[in-house]
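Numbering (our numbering), first residue to last: 373 to 757.
Here's the structure, in structure tokens; my notes come after.
Quick look at the structure:
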């Protein structure tokens with residue numbers, strides 16, 4: 373078979389011809405919005421009387437966690453502060469491994485992995501929604517909202533969320549089609565990418581136990597069990613390595629509990645009650661504003677998971693709901709939308725919610741404005757995603 377015929381066969385595949393084609397437009401559009409925000413941030417932060425933190429604008433797509441992932445990829449954990457152990461290894465190690473393809477530019481490799489992963493995640497989401505609903509318009513809306521939702525800024529930055537999304541959406545595709553070993557491999561990757569990859573064990577358990585009593589083949593039973601434990605193994609393998617090299621099995625989680633990071637763990641009801649109290653507090657500009665934004669995010673998340681619970685199988689609801697609850701247990705609410713709304717069932721819920729043209733137009737405008745505003749705030753050093 374000639375190279376030309378191989379290329380032709382690949383380009384005509386369903387994933388390339390249909391799924392990637394549906395994802396490429398939203399993917400490009402979101403990067404234009406974020407790029408415009410970066411341009412504005414660098415313009416207004418330059419000069420003697422510049423606005424904001426010029427360092428954040430200078431870092432660009434490596435702002436905040438991106439620069440830390442780059443450091444891990446370039447020199448490893450051993451030569452960096454202990455608190456960076458909270459970053460799980462698959463993304464930075466992939467950047468290091470692929471650096472040779474970019475003539476040693478590990479930073480470029482990280483950007484390509486993150487943004488390429490975002491494109492693949494969009495294509496996989498289109499495929500998944502189409503498989504579950506046979507509704508191409510719903511699948512298209514899902515891909516668009518995945519790209520333009522404000523929290524999706526992290527899919528443009530040198531962050532690990534794109535890789536987690538690829539693993540999570542791919543795992544759902546595998547689970548729903550009963551390809552258990554593929555689901556296990558993707559669950560393992562998710563666990564090695566972000567600690568929240570652990571949450572995928574719950575939907576895997578739900579799918580693996582469907583009609584389990586009727587399964588008589590021992591190999592299939594083992595494969596189903598493997599898909600459930602794989603995310604746990606992915607997280608656990610890194611924790612074991614940290615324990616052996618640095619000491620302390622839960623060090624990666626302990627360093628996250630610092631007040632300037634996730635903060636201590638609290639029960640969701642106490643956290644929401646505190647946010648309500650802060651909303652009506654004396655500090656209208658800062659404390660109450662942050663608390664009100666947090667409450668709005670929670671309300672939207674709960675509405676969307678309610679929509680998902682009525683439209684999609686229970687595994688989708690379980691995955692989205694456990695992500696919301698986990699986000700609500702954090703003392704620091706600043707990254708709630710990042711951790712919650714990059715859990716893709718909520719995005720599908722938003723696509724369901726915007727079936728009418730008027731509602732869809734309203735949410736699209738709000739999302740685009742939110743993506744630009746949040747990106748600008750990040751590049752001006754006013755917000756940490």
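Glycine is no exception: its CB is placed at the ideal position from the N, C-alpha and C atoms.
- If you draw a straight line from the Cα of residue 586 to the Cα of residue 592, it comes to about 11 angstroms.
- In this structure, the straight-line span from the alpha carbon of residue 441 to that of residue 459 is close to 7 angstroms.
- Taking the CA atoms as reference points, residue 613 sits about 19 angstroms from residue 557.
- Sequence-distant Cβ neighbours of residue 516 in its own chain, meaning closer than 6 angstroms and more than five residues away, are 398.
- Taking all protein chains shown into account, residue 700 has 16 or more neighbouring C-beta atoms within 10 Å of its C-beta and is therefore buried.
- When Cβ pairs closer than 8 angstroms are counted between the two stretches, the stretch 520-534 is seen to touch the stretch 480-498, the count reaching three or more.
- Within the stretch 407-461, the runs of alpha helix (DSSP H) at least 4 residues long that lie entirely inside it are, in chain order, 426-431, 437-447.
- The C-beta distance from residue 563 to residue 604 rounds to 7 angstroms, short enough to fall under 8 angstroms.
- From the listed residues 560, 752, 698, the smallest Cα separation to residue 638 is found for 698.
- Close CB contacts of residue 536 within its chain, under the 7 angstroms cut and outside five residues either way in sequence, are with 562, 565, 566, 569 (chain order).
- Using a C-beta cut-off of 8 angstroms, the stretch 714-728 makes contact with the stretch 507-516, since at least three inter-stretch Cβ pairs fall below that distance.
- Residue 677 sits close to residue 689, with the two beta carbons spaced by under 8 angstroms.
- Per DSSP, residue 627 lies in no alpha helix (DSSP H) and is assigned neither H nor E.
- If you draw a 10 Å sphere on the C-beta of residue 616, you find fewer than 16 other C-beta atoms in it, and that means exposed.
- In the structure shown, residue 581 adopts coil according to DSSP, grouped into three states.
- Within the same chain, and ignoring the five residues on either side of residue 627 in sequence, the residues whose Cβ sits closer than 7 angstroms to its Cβ are 454, 455, 457, 458.
- By the neighbour-count criterion, in which a residue is buried when 16 or more other Cβ atoms sit within 10 angstroms of its Cβ, residue 509 is exposed.
- A straight line joining the alpha-carbon of residue 501 with that of residue 390 spans about 13 angstroms.
- Every alpha helix (DSSP H) of 4 residues or more that sits fully in the stretch 462-488 is shown, in chain order, as 462-470.
- Following the DSSP letters along the chain, one finds residue 605 inside the alpha helix (DSSP H) bounded by residues 590-617.
- Within the same chain, Cβ atoms closer than 6 angstroms to the Cβ of residue 446 are found at 478, the five residues on either side in sequence being excluded.
- Taking the Cβ atoms as the reference, residue 530 lies roughly 6 angstroms from residue 433, within the contact range of under 8 angstroms.
- Here the C-alpha atom of residue 465 lies approximately 44 angstroms from the C-alpha atom of residue 729.
- Classified as buried, residue 596 has 16 or more neighbouring CB atoms from the shown chains inside 10 Å of its CB.
- Between the C-alpha atoms of residue 714 and residue 544 there is a straight-line separation of about 15 angstroms.
- Residue 485 has its alpha-carbon roughly 8 angstroms from the corresponding atom of residue 534.
- Residue 712 places its beta carbon less than 8 angstroms from that of residue 696.
- Ranked by Cα distance from residue 571, the options 480, 400, 719, 692 are led by 692.
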